[in-house]
Structure formats: structure tokens, C-alpha cells
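Engineer: After the C-alpha cells below, expect a handful of questions from me.
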Amino acid sequence: MSSSTGTSTVITNIAMLVTNDPSLGDDSPLGLVQDAALVIDGDRVVWTGESSKAPATDNRFEAGGRAVLPGFVDSHSHLVFAGDRTQEFNARMSGRSYTAGGIRTTVAATRAASDEALEANLTRYLAEALRQGTTTFETKSGYGLTVADEARALRIAAAHTDEVTYLGAHIVSPDYADDPAGYVALVTGEMLDACAPYARWIDVFCEKGAFDGDQARAILTAGKARGLHPRIHANQLSYGPGVQLAVELDAASADHCTHLTDADVDALASGDTVATLLPGAEFSTRAQWPDARRLLDAGVTVALSTDCNPGSSFTSSVPFCIALAVRDMGMTPDEAVWSATAGGARALRREDVGRLTPGAYADLTLLDAPSHVHLAYRPGVPLVTGVWRRGARQV
Ligand code: NIG
Ligand code: FE
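Going by UniProt numbering, the letters in the sequence shown line up with residues 1 to 395, in that order.
Given below as C-alpha cells:
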């Protein structure tokens with residue numbers, strides 16, 4: 001499993017280490033270790049603990065009394081697209097409301113773009129995210145909406161991540177405006193056949209103006225039959241059936257969760273579906289915040305992600321989302337950091353990322369701050385000063 005290079009590196013003099021394993025640190029979910037060290041061998045973490053007990057290694061990196069935490073796991077983004085929607089954003093900030101209709105603008109620009117242009121755009125936003133501490137990311141199709149354009153988006157994404165999501169059901173394609181049932185047949189038939197080889201997940205935007213509960217069930221069920229695992233855009237703009245459908249189908253994640261009934265919260269608390277909250281979307285659409293406190297108090301597992309896309313949330317910054325979640329969604333700094341690391345990993349059903357424990361990937365972020373709390377305490381400040389991915393320093 002480990003691709004050991006035979007060289008090991010100790011990162012020492014870490015003022016605060018977030019392991020996300022209570023058995024390795026204090027009893028909190030973050031498993032905090034003060035005055036800590038961490039040893040990397042090849043692409044994996046092999047040891048964490050107090051600096052004074054660190055084993056001998058080939059190399060040594062001095063953390064200088066700063067904080068180290070797992071690289072962020074951004075479990076929800078839409079990064080295969082062309083163009084931007086500055087005008088739409090401007091209009092919104094002058095009082096217009098967000099609707100799913102704006103997606104059509106990006107569909108037109110994406111269809112018209114070359115493979116090279118889409119690849120360049122994706123690479124640019126991935127580099128931007130990496131500089132801000134993201135070491136694992138999921139990304140989706142959804143701006144092609146033809147068989148060829150959806151498959152192309154997924155092929156381009158799959159060259160950069162294992163966490164690829166087929167979102168042919170983002171909106172009904174403009175080509176099928178008068179025949180939504182025909183579009184669902186395409187999404188569950190020929191388009192699914194073309195896309196399944198590149199994807200791990202299937203997603204649907206279950207919302208007024210996109211797909212209703214019955215259509216969403218049909219789409220996710222067809223994806224499951226092809227070996228794709230469901231996740232769902234649910235209850236973003238209004239109350240609806242998405243969250244309960246997610247739990248019913250054992251989706252890994254129900255994303256947005258802004259408008260929830262008590263029955264929705266109970267359903268999430270009873271299953272393994274993570275509630276992925278995307279505060280960049282509420283920020284950029286001036287919508288009400290999802291109530292993270294209500295979910296956490298009910299025992300729901302919460303993840304935090306960017307939803308980076310040109311329409312509703314054009315940020316690649318997980319630290320920004322952490323700050324928003326703490327300021328406006330009732331999360332403590334510890335909860336927000338957990339949700340952006342271990343929570344994201346849960347939303348992707350991954351055990352090898354989002355934690356700094358022996359055997360996990362050595363994906364980690366060094367902050368220019370003595371504690372992870374500074375991510376919320378110092379909003380907007382570029383605190384990420386080092387990023388290692390698979391044991392190799394990237395930033
Ligand atoms: O997650 N809600 C649907 N999809 C995106 C928005 C896409 C867009 O506006 O381009 C979201 O917010
Ligand atoms: Fe989204």
C-alpha cells in the first residue's frame with residue numbers, strides 16, 4: 001500500500017497538530033497534539049506524537065512553532081467549465097435572485113470551448129485550491145449536457161482526480177426544453193453509458209427548475225445499477241424531497257441542505273449520508289445560511305466544501321468557507337476544521353485522506369499561525385504557507 005521511497009522526513013516543532021484521530025491526541029474529534037512531530041515515509045504518514053519522542057529520520061523539516069493539519073478535502077466542486085458569470089453576479093448584488101437558469105450561460109460557453117481551454121481552466125483552479133490547502137477534490141460534469149460534452153468533461157476531470165462525478169442531470173438540456181422526459185431517458189441511457197467509465201459518483205440537482213424527486217430517483221437508481229455511487233444537490237433553494245431521497249438511496253452526501261424540515265434532519269441523523277454545507281453559495285447568492293448547529297446538535301455528520309463554480313460560488317478557498325461557517329452557521333472553529341478535512345473525507349467515503357494518522361496519505365497543510373483556530377480568527381488572511389501532497393511538498 002505505501003510507496004516508500006526509503007527516505008523519511010520528520011516535521012518537527014509543530015505547535016498544534018490536528019490528526020482527526022482522538023486516540024492519537026487529546027480526546028476531542030480533532031485529536032490535537034501540542035508540541036508535536038509527524039513522520040512521512042514515501043507518500044504516507046507513519047508516525048505522529050510529541051516532538052520529544054519522534055523517531056530518527058533521514059530528513060528534518062522545522063515547522064517553527066506553527067500549526068499542521070490534514071489537507072482540505074473539498075468534496076464538492078464544478079471545475080470543468082468555460083467563461084464566467086460576472087454580469088449575473090453583479091445583477092444579483094443589485095437585487096436579482098439566483099436561479100438554476102444561469103447554468104445555461106455556462107453550458108453554452110463550455111460547449112464552445114476546446115479541450116485545451118477546459119483543461120487549462122481546470123488546472124488553473126486546481127492550482128489555486130492547492131495554494132489554499134486543498135489536497136483532495138471532487139469535481140463534476142454538468143456544463144455539457146450532451147453525450148459527447150458530458151463524457152469529455154469527465155475524461156478531462158479524471159486526469160486530475162479519482163473523485164469524478166457525473167452530473168448530466170444538472171438542468172434539463174436546452175436541447176430538450178420541451179421534452180424533459182426525453183432528457184431523463186438520455187441521462188439514464190446513452191449518456192450514462194458514455195460517462196460511467198470516467199466517474200465514481202452520480203449526482204442530480206433536485207430542485208424546482210431542475211429535476212423533481214421522481215426524476216432524481218430514476219437518475220440515481222440508474223447510476224447505481226451502473227456501479228456509480230449517488231450524491232445529490234438537495235434542498236438548496238427551497239424545501240423538497242432531495243435530502244430524504246439521499247438517505248433512502250444511501251447517497252454518500254446530500255449537498256447544500258439549506259432548507260430542511262425536522263423530518264429531513266431526522267433522516268440525515270438516522271443514516272450514513274453526510275450533510276455537505278457550501279457556504280460560498282449562500283455568500284454569493286445572498287441566501288440564508290444553512291443551519292450547521294441544528295444538524296450537529298441532531299448528530300448529523302457535516303462536511304464543508306466550496307462548491308466552486310462560476311455561477312453560485314466562485315471561490316476555491318476552503319479557509320474562506322471555514323470562516324463563514326464559524327461566523328454565520330453556528331459552527332465552532334474546531335467543528336469547521338473537522339468538517340473541511342475529516343468531514344469531506346466521509347462525504348467521499350474515504351479513510352486515507354482527511355486525517356494525519358499512520359497509514360493515511362501524507363497530505364498536509366502548514367499554517368503561518370500557531371493554531372488551526374486562526375483559519376476562522378483571521379479571515380481572509382492567506383495563512384497556508386506549506387502544502388504536502390502524497391508526501392511531496394507542493395507549496
Ligand atoms: O451547486 N445548484 C446547482 N449547481 C451549482 C450551481 C451551478 C451554477 O450556477 O452554474 C451549485 O450551486
Ligand atoms: Fe454544486
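Glycine included, C-beta positions come from ideal geometry on N, C-alpha and C. Predicted model only: the values in this text are computed from it and were never measured.
When the Cα of Arg44 is compared with those of Ala376, Val187, Ala360 and Thr385, which residue comes out closest?
Structural biologist: If you number the sequence shown from 1, residue 44 lands on position 44. The shortest C-alpha separation from Arg44 is found at Ala360.
Engineer: At the level of alpha carbons, what is the spacing between Ser3 and Leu154?
Structural biologist: To locate residue 3, count along the sequence shown from 1; it is residue 3. To locate residue 154, count along the sequence shown from 1; it is residue 154. Unreliable positioning characterises Ser3 in this predicted model, as indicated by a pLDDT of 47, which lies under 50. A coordinate reading is not provided.
Engineer: Kindly confirm or deny that the segment 349-364 and the segment 93-104 touch, where touching means at least three C-beta pairs closer than 8 Å.
Structural biologist: The segment 349-364 is not in contact with the segment 93-104.
Engineer: Check whether the Cβ of His233 lies closer than 7 Å to any heavy atom of ligand 2, and answer yes or no.
Structural biologist: Taking the first residue of the sequence shown as 1, we reach residue 233 at position 233. Answer for His233: yes, Cβ within range of ligand 2.
Engineer: What residue does the alpha helix (DSSP H) around Gln132 start on, and which one ends it?
Structural biologist: As a position in the sequence shown, residue 132 is number 132, starting the count at 1. First-last for Gln132: undefined, no H or E at that position.
Engineer: Heavy atom of ligand 1 less than 7 Å from the Cβ of Gly102, yes or no?
Structural biologist: For the purposes of this step, residue 102 is taken as residue 102 along the sequence shown, with counting starting at 1. Yes, ligand 1 has a heavy atom inside 7 Å of this Cβ.
Engineer: How far does the alpha helix (DSSP H) with Ser253 in it reach, from first residue to last?
Structural biologist: The count along the sequence shown starts at 1 and reaches residue 253 at position 253. Counting along the chain, Ser253 falls outside any alpha helix (DSSP H), though it belongs to the beta strand (DSSP E) covering Ser253 to His256.
Engineer: Please report the residue range of the beta strand (DSSP E) in which Val388 lies.
Structural biologist: On the sequence shown, position 388 is the one that residue 388 refers to. Residue identity differs from the one stated: residue 388 is Trp in this sequence, not Val. Val384 to Arg389 is the extent of the beta strand (DSSP E) around Trp388.
Engineer: Taking just the CA atoms, how far does Gly168 sit from residue 405?
Structural biologist: The shown model of the chain, from 1 to 395, leaves out residue 405, and the question about it has no answer.
Engineer: Alpha carbon to alpha carbon, how far is Pro180 from Ala210?
Structural biologist: For the purposes of this step, residue 180 is identified with residue 180 of the sequence shown, where counting begins at 1. For the purposes of this step, residue 210 is identified with residue 210 of the sequence shown, where counting begins at 1. For Pro180 and Ala210, the distance between alpha carbons rounds to 10 Å.
Engineer: Taking 8 Å as the threshold, find out whether the segment 276-283 comes into contact with the segment 305-324 through three or more Cβ pairs.
Structural biologist: Touching, yes, given that three or more Cβ pairs across the two stretches are closer than 8 Å.
Engineer: Is it true that the segment 4-22 meets the segment 44-64, where meeting means three or more beta-carbon pairs spaced less than 8 Å apart?
Structural biologist: Enough Cβ pairs lie closer than 8 Å, so yes.
Engineer: I believe residue 410 touches Val302 by the beta-carbon criterion, under 8 Å. Please report the beta-carbon distance rounded to the nearest angstrom.
Structural biologist: Summary: the structure shown does not reach residue 410, with the chain confined to residues 1 through 395, and so no result is reported for it.
Engineer: So, at 6 Å on beta carbons, what are the nonlocal neighbours of Val107 in its own chain, with the 5 sequence-adjacent residues on each side left out?
Structural biologist: Here residue 107 is taken as the residue at index 107 of the sequence shown, counted from 1. Around Val107: Tyr143 and Leu145.
Engineer: Sort out for me which residues DSSP pairs Arg66 with in a bridge.
Structural biologist: For the purposes of this step, residue 66 is taken as the residue at position 66 of the sequence shown. Answer by DSSP bridge pairing, in chain order: Ile14.
Engineer: Counting along the chain, where does the alpha helix (DSSP H) carrying Glu282 start and finish?
Structural biologist: Residue 282 sits at position 282 when you count from the first residue of the sequence shown. Residues Pro279 to Thr285.
Engineer: Can you tell me which of the three DSSP states Trp47 falls into?
Structural biologist: The sequence position of residue 47 within the sequence shown is 47, counting from 1. Strand at Trp47.
Engineer: With burial defined as no fewer than 16 other Cβ atoms inside 10 Å of the residue's Cβ, what is the status of Met1: buried or exposed?
Structural biologist: Position 1 of the sequence shown, counted from the first residue, corresponds to residue 1. Here the model assigns Met1 a pLDDT of 37, short of 50, so the residue's position is not dependable, and the following value carries that caveat. Exposed, because fewer than 16 other Cβ atoms sit within 10 Å of the Cβ of Met1.
Engineer: What are the boundary residues of the beta strand (DSSP E) that Pro202 is part of?
Structural biologist: Position 202 of the sequence shown, counting from 1, holds the residue named residue 202. The amino acid occupying residue 202 in the given sequence is Ile; Pro does not appear at that position. Unbroken beta strand (DSSP E) run through Ile202: Trp201 to Cys206.
Engineer: Round the Cβ separation of Asp255 and His233 to the nearest angstrom and send it over; I've been treating them as touching at under 8 Å.
Structural biologist: By 1-based counting over the sequence shown, the position of residue 255 is 255. By 1-based counting over the sequence shown, the position of residue 233 is 233. That belief holds up - the Cβ atoms of Asp255 and His233 are roughly 5 Å apart, short of 8 Å.
Engineer: Check this for me: beta carbons of Met331 and Trp289, under 8 Å apart or not?
Structural biologist: If you number the sequence shown from 1, residue 331 lands on position 331. If you number the sequence shown from 1, residue 289 lands on position 289. Their beta carbons are not under 8 Å apart, which means Met331 does not touch Trp289 by this criterion.
Engineer: Would a C-beta distance cut-off of 8 Å place Gln244 and Asp214 closer than the cut-off?
Structural biologist: Position 244 of the sequence shown, counted from the first residue, corresponds to residue 244. Position 214 of the sequence shown, counted from the first residue, corresponds to residue 214. Their beta carbons are not under 8 Å apart, which means Gln244 does not touch Asp214 by this criterion.
Engineer: Just curious, the beta strand (DSSP E) that Ile40 is in, first and last residue?
Structural biologist: Working through the sequence shown from its first residue, we reach residue 40 at position 40. Counting along the chain, the beta strand (DSSP E) containing Ile40 begins and ends at Leu32 to Asp41.
Engineer: Flag Asp74 as yes when its Cβ comes closer than 7 Å to any non-hydrogen atom of ligand 2, and as no otherwise.
Structural biologist: In the sequence shown, counting from the first residue as 1, residue 74 sits at position 74. Checking the Cβ of Asp74 against ligand 2 gives no.
Engineer: Using a 10 Å radius around the Cβ and a threshold of 16 neighbouring Cβ atoms, would you call Arg350 buried or exposed?
Structural biologist: On the sequence shown, residue 350 is found 350 positions in, with the first residue counted as 1. With 16 or more Cβ atoms within 10 Å of its Cβ, Arg350 is classed as buried.
Engineer: Between Asp262 and ligand 2, is there a pair consisting of the residue's CB and a ligand heavy atom that are separated by less than 7 Å?
Structural biologist: For the purposes of this step, residue 262 is identified with residue 262 of the sequence shown, where counting begins at 1. Result no, Cβ not under 7 Å from ligand 2.
Engineer: Indicate the three-state DSSP secondary structure (helix, strand or coil) for Tyr361 in the structure shown.
Structural biologist: If you number the sequence shown from 1, residue 361 lands on position 361. Note: Tyr361 maps to strand in three-state DSSP.
Engineer: Distance, Cα to Cα, Thr357 vs Arg390?
Structural biologist: Taking the sequence shown and counting its residues from 1, the one referred to as residue 357 is at position 357. Taking the sequence shown and counting its residues from 1, the one referred to as residue 390 is at position 390. Each residue's Cα considered, the two are about 13 Å apart.
Engineer: For ligand 1, I want to know if His170 counts as a neighbour, meaning its beta carbon is within less than 7 Å of at least one of the ligand's heavy atoms.
Structural biologist: In the sequence shown, counting from the first residue as 1, residue 170 sits at position 170. Result yes, Cβ under 7 Å from ligand 1.
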